[in-house]
Amino acid sequence: MGWVSLPQPILLEDTIYTISGSQTLAGNPNRGSASFSDFELHLIQFKRGRASREAFLGRSLETSLSQNLTFLHFMELLHQPGDIIAERYQIIDTLGQGGIGITYEAQDLHNSQRVAIKALSLRRMNDWKVLELFEREAKVLSQLNHPGIPRYLDYFQVDAPIDRQFYLVQELASGRSLSSLVENNWRPDELEVRRLAEQILEILIYLHQLTPPVIHRDIQPRNLIIRSPQPPLPRGASRSPQPPLEKGGWGDLFLVDFGAVYESDRSTFSAGSTVVGTYGYMAPEQFRSQANPATDLYGLGATLLFLLTHKSPADFPQRRLKIDFRSQVHTSAEFNDWLETMLEPAPEDRFPSAKAALAALQGDVPTLVHHRRQPAGSRIALKKTFGRLLVDIPPVGFRFDNLFWLGFALIWSGFLFFWTAGAILVGAQLFFPLFSIPFWIAGLGLISALLFGVAGRTRLEIDRQYFRLQWQLFGFRHQVQGRTEDIEGVQLASSNYEVNDKPVTICTLVEGVRNHRFGSWLTQSEKEWLVAEIAAFLGKSSELI
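So the number in the working numbering is just where the residue sits in the sequence shown, counting from 1, plus 194.
Below, the structure written as structure tokens:
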């Protein structure tokens, strides 16, 4: 593989000029290794006139954003059917045109294999960012190996007298895109949408677990291809009870078009100088040129919403910056809760990973995970960022239930005091005072629990590596800590006490054979909400036992 040195661009008003500097690009020395001087491109002037700005900011904003929002212009077709590229690839048809190039269906004349070939013309570029994204796509694809991603085959360049053209070759993902199916009036039911989501999440799990994680940034219906799909049903026809996504029905699903791909540090946002994605399917953080693995979850959620409603997510009303879709879908409450979590505007409120989203979709994480609104009047302070959770439970103070138990504890302890003192004063055998010891332990334990409920504070910290649970009372502290990966789940477990014939529950963090209990004096709604938040952050199961 050869290397080509390219000048760096500088933006000056309405013109892009190039100056000396270098940016390395992978190329094939057998397909041309000329430098820019061969094209007399020491000074290249790309017009970025007023018309292009008006097209983006004015009349055609909606049209521009409904395509790939890369702030880059579309290009005219470079090739026609029958053209042969590099004496090897013969163009058959045009598959699509986007901001990062034009994609063709072609035939490899060496082995008769059908391929997808994406082309980019240096002369027709209006922004050097296009070339950067094109090179990044080729680099990332060359490192991927997943059955749901068309295999990388080649990357090369072809030089012409006044141009240089770059080509990326992949296996052809034959089939139809989800957008094409919807255009033909395909209306999937909840089961079909769930199974599609599972397949896409499996691909995202693979991408996000790489080092560094690979973020697609453009999950949308046109970039999801199904091989040999079941044809759409005509109006009035009933669907076969056999789920079309069963093995042998739909066939393979492919994720294509990695033109917006980004390699990111797992624990932080990635920021760039270009906004990429497709309007309606872009997570809010993408408009700030930021992305992390949760960004792809938003795109998937928006895609599933489009499949269910045949309506662009951008056309839905919003409530508190969240897409308000529930009145327009006919799916189960559990699935709606799951989809709402995928579409949370704040990335830290979405599932922490594609793996966690898949577990929740398959029922491994109960619906309790989705009770995301903090109960009114709750004083619990919960702060969650990507990779860290902090919970601070302040003293609950005096409440009716506290007073009830305090009265019970005082009566219990008073009875024990007089019984024990009387046994000692009358000179009873040692057995009688000793007999009261277990009851004293129970009474003192109840009093200490009441004191902690009234004046104690609990603090839980969890990050991707370690956790720490700390209890504080009158300046005294006790804590437990361990590795986050050892946490098997979080539970709302029943205690040995009952109030009005209902068991008193307690939040429990399960670490192997150890159970760490906390929050016993919270209200039931607070406990359920808190357990749900912790489970959602961990991507673990939450249970009510």
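Beta carbons are placed, not taken as given, at the ideal position from N, Cα and C, and that holds for glycine.
Quick caveat: nothing in here was measured; it's all calculated off a predicted structure.
In whole angstroms, give me the CA-to-CA distance for K721 and Q480.
Taking the sequence shown and counting its residues from 1, one reaches residue 721 at position 527. Taking the sequence shown and counting its residues from 1, one reaches residue 480 at position 286. Taking the Cα positions, K721 is about 34 Å away from Q480.
DSSP three-state label for L271, please.
Here the question's residue 271 lines up with position 77 in the sequence shown. L271: coil per DSSP, three-state reduction.
Quick one: what's got a C-beta closer than 7 Å to D509's C-beta in the same chain, skipping five residues either side?
Stepping through the sequence shown from its first residue, residue 509 is reached at position 315. The beta carbon of D509 lies closer than 7 Å to none in the same chain, with the five residues before and after it left out.
Tell me, to the nearest whole angstrom, how far the beta carbon of V704 is from that of V725; I am working on the premise that it is less than 8 Å.
Taking the sequence shown and counting its residues from 1, one reaches residue 704 at position 510. Taking the sequence shown and counting its residues from 1, one reaches residue 725 at position 531. Wrong, their Cβ atoms sit about 11 Å apart, outside the cutoff.
Less than 9 Å between the beta carbons of L418 and V408, yes or no?
Position 224 of the sequence shown, counted from the first residue, corresponds to residue 418. Position 214 of the sequence shown, counted from the first residue, corresponds to residue 408. No, these two residues do not count as a Cβ contact at 9 Å.
Residue range of the beta strand (DSSP E) that T652 falls in?
On the sequence shown, position 458 is the one that residue 652 refers to. First-last of the beta strand (DSSP E) with T652: 651–657.
How is F519 classed by DSSP in three states: helix, strand or coil?
Mapped onto the sequence shown, residue 519 falls at position 325. In this structure, F519 counts as coil in the three-state DSSP scheme.
Separation of Q675 from Q291, as counted between CA atoms:
Locating residue 291 in the sequence shown gives position 97, where the first residue counts as 1. Locating residue 675 in the sequence shown gives position 481, where the first residue counts as 1. Looking at the two C-alpha atoms, the distance is approximately 54 Å.
Buried or exposed for P344, going by 16 or more other Cβ atoms inside 10 Å?
By one-based count along the sequence shown, residue 344 stands at place 150. Buried.
Checking the sheet assignment: what are the DSSP bridge partners for S315?
On the sequence shown, position 121 is the one that residue 315 refers to. Residue pairing by DSSP places S315 opposite Q359 in a beta bridge.
Would R411 pass as a contact of Y456 if the rule is Cβ separation under 9 Å?
Here the question's residue 411 lines up with position 217 in the sequence shown. Here the question's residue 456 lines up with position 262 in the sequence shown. It is a contact, given that the beta carbons lie within the stated cut-off.
What are the uninterrupted segments assigned as alpha helix (DSSP H) that are 4 or more residues long and contained completely in the stretch 473–553, given in chain order?
Correct list: 487–503, 527–536.
Within the continuous beta strand (DSSP E) that includes R710, where are the two ends?
Here residue 710 corresponds to residue number 516 of the sequence shown, with the count starting at 1. In the sequence as presented, Arg is not what sits at residue 710; that position holds His. It spans 708–712 - the beta strand (DSSP E) in which H710 sits, taken as one unbroken run.
Contact the stretch 296–303 vs the stretch 350–357: 3+ CB pairs below 8 Å:
Judged by Cβ distances under 8 Å, the stretch 296–303 makes no contact with the stretch 350–357, as fewer than three pairs qualify.
With a 10 Å radius around its C-beta and 16 neighbouring C-beta atoms as the bar for buried, classify R388 as buried or exposed.
The residue given as residue 388 occupies position 194 in the sequence shown. Around the Cβ of R388, a 10 Å sphere holds 16 or more other Cβ atoms; the residue is buried.
In whole angstroms, what is the alpha-carbon distance linking E655 and L372?
As a working note, residue 655 is residue 461 in the sequence shown. As a working note, residue 372 is residue 178 in the sequence shown. Going by the C-alpha atoms only, they are around 42 Å apart.
By alpha-carbon positions, which one of V363, N379, F350, F448 ends up nearest to E392?
For the purposes of this step, residue 392 is taken as residue 198 along the sequence shown, with counting starting at 1. Considering only V363, N379, F350, F448, the residue with the shortest C-alpha distance to E392 is F448.
Could you spell out where the alpha helix (DSSP H) holding Q718 opens and where it closes?
Reading the sequence shown from its first residue, position 524 is the one you call residue 718. Here the alpha helix (DSSP H) through Q718 covers 718–732.
Measure the CB-CB distance between L667 and I574 and report whether it falls below 9 Å.
Locating residue 667 in the sequence shown gives position 473, where the first residue counts as 1. Locating residue 574 in the sequence shown gives position 380, where the first residue counts as 1. In this structure, I574 does not lie closer than 9 Å to L667 by Cβ.
For a quick check, are the C-beta atoms of W532 and A554 less than 9 Å apart?
The residue you call residue 532 lines up with position 338 of the sequence shown. The residue you call residue 554 lines up with position 360 of the sequence shown. Yes, these two residues count as a Cβ contact at 9 Å.
Tell me where the beta strand (DSSP E) around R662 begins and ends.
For the purposes of this step, residue 662 is identified with residue 468 of the sequence shown, where counting begins at 1. Taken as a continuous stretch (DSSP letters only), the beta strand (DSSP E) holding R662 covers 660–667.
Evaluate contact between the stretch 526–543 and the stretch 483–497, counting only Cβ atoms and requiring at least three cross-stretch pairs below 8 Å.
Contact between the stretch 526–543 and the stretch 483–497 is present, with at least three C-beta pairs closer than 8 Å.
Span of the beta strand (DSSP E) holding Q556?
Against the sequence shown, residue 556 aligns to sequence position 362. Per DSSP, Q556 belongs to no beta strand (DSSP E) and is neither H nor E.
With DSSP as the reference, please indicate the residues paired to P332 in a beta bridge.
Position 138 of the sequence shown holds residue 332. Checking the sequence, you will find Ala at residue 332 rather than Pro. DSSP output for A332 lists no bridge partner at all.
Count the other CB atoms, across all protein chains shown, that sit within 10 Å of the CB of G493; report buried if there are 16 or more and exposed otherwise.
Here residue 493 refers to the residue found at position 299 of the sequence shown. The C-beta of G493 has 16 or more other C-beta atoms within 10 Å across all chains shown, which makes the residue buried.
Contact between the stretch 506–525 and the stretch 468–477 is defined here as three or more beta-carbon pairs at a separation below 8 Å; is this criterion met?
Three or more beta-carbon pairs drawn from the stretch 506–525 and the stretch 468–477 are found closer than 8 Å, and the two stretches are therefore classed as touching.
Thinking L314 and G295 are a contact (beta carbons under 8 Å), I'd like their distance in whole angstroms, please.
To locate residue 314, count along the sequence shown from 1; it is residue 120. To locate residue 295, count along the sequence shown from 1; it is residue 101. Cβ-Cβ separation between L314 and G295: approximately 4 Å, consistent with a contact (criterion under 8 Å).
Alpha carbons only, please: which of G733, D586, V585 is nearest the one belonging to A548?
For the purposes of this step, residue 548 is taken as the residue at position 354 of the sequence shown. Of G733, D586, V585, the residue nearest in Cα terms is G733.
Close-in-space but distant-in-sequence residues of the same chain around A687 (CB under 7 Å, 5 per side omitted):
The residue given as residue 687 occupies position 493 in the sequence shown. Take A687, set aside five residues on each side of it, and the residues of its chain with a beta-carbon closer than 7 Å to its own are T699, I700, T702, I739, in chain order.
Quick one: what's got a C-beta closer than 8 Å to N677's C-beta in the same chain, skipping five residues either side?
Counted from its first residue, the sequence shown places residue 677 at position 483. Just to set this straight, residue 677 is Arg in the shown sequence, not Asn. If you ignore the 5 residues before and after R677, its C-beta comes within less than 8 Å of the C-beta of Q659, Y660, F661, all in its own chain and listed in chain order.
In chain order, which alpha helix (DSSP H) runs of at least 4 residues are fully inside the stretch 343–396?
Along the stretch 343–396, the alpha helix (DSSP H) occurs as fully enclosed runs of 4 or more residues at 372–377, listed in sequence order.
Under 8 Å by Cβ, that's how I've got I311 and I279 pegged, so tell me the actual separation to the nearest angstrom.
Walking along the sequence shown from the start, residue 311 turns up at place 117. Walking along the sequence shown from the start, residue 279 turns up at place 85. Right, the Cβ-Cβ distance comes to about 7 Å (below 8 Å), so this counts as a contact.
Within this structure, are the beta carbons of S368 and R318 separated by less than 9 Å?
Locating residue 368 in the sequence shown gives position 174, counting from the first residue. Locating residue 318 in the sequence shown gives position 124, counting from the first residue. The answer is no: Cβ separation not under 9 Å.
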